[in-house]
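Input: a single structure, listed below in structure tokens.
Residue numbers (the numbering used here): 406 to 489.
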């Protein structure tokens, strides 16, 4: 995600603070396994996984989705059941 997309997402969260929680919950579900073992030691998705997801959704792995698209995808992700 490029800097302009990050700024747009932050601006969206300022206008719609409840969406930030939804995106954080979805992000937690997409975190890479054993994230605490590798730098940057943050629970974020693996770069190759993120590239795959953006390529399949938008046709290009370098495209940064619009904030409304990210929030819609996060809402969809949170609604899905996790079976164990």
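Built from N, CA and C at the ideal position, the CB exists for glycine as well.
Going by DSSP, residue 421 is part of no alpha helix (DSSP H) at all; its letter is neither H nor E.
Look at residue 463 here: in three-state DSSP terms it is helix.
The distance from the Cβ of residue 437 to that of residue 450 is about 6 Å, consistent with a contact at the 8 Å cut-off.
In the DSSP annotation of this structure, residue 442 is not part of any alpha helix (DSSP H), being labelled neither H nor E. Contact annotation: the stretch 458-466 does not touch the stretch 409-420, with fewer than three C-beta pairs closer than 8 Å. Around the Cβ of residue 487, a 10 Å sphere holds fewer than 16 other Cβ atoms; the residue is exposed. Comparing C-alpha distances from residue 465 to each of 472, 441, 455 shows the shortest one belongs to 455. DSSP, reduced to helix, strand and coil, places residue 453 within a helical segment of the structure shown. The continuous alpha helix (DSSP H) containing residue 475 extends over residues 472-484.
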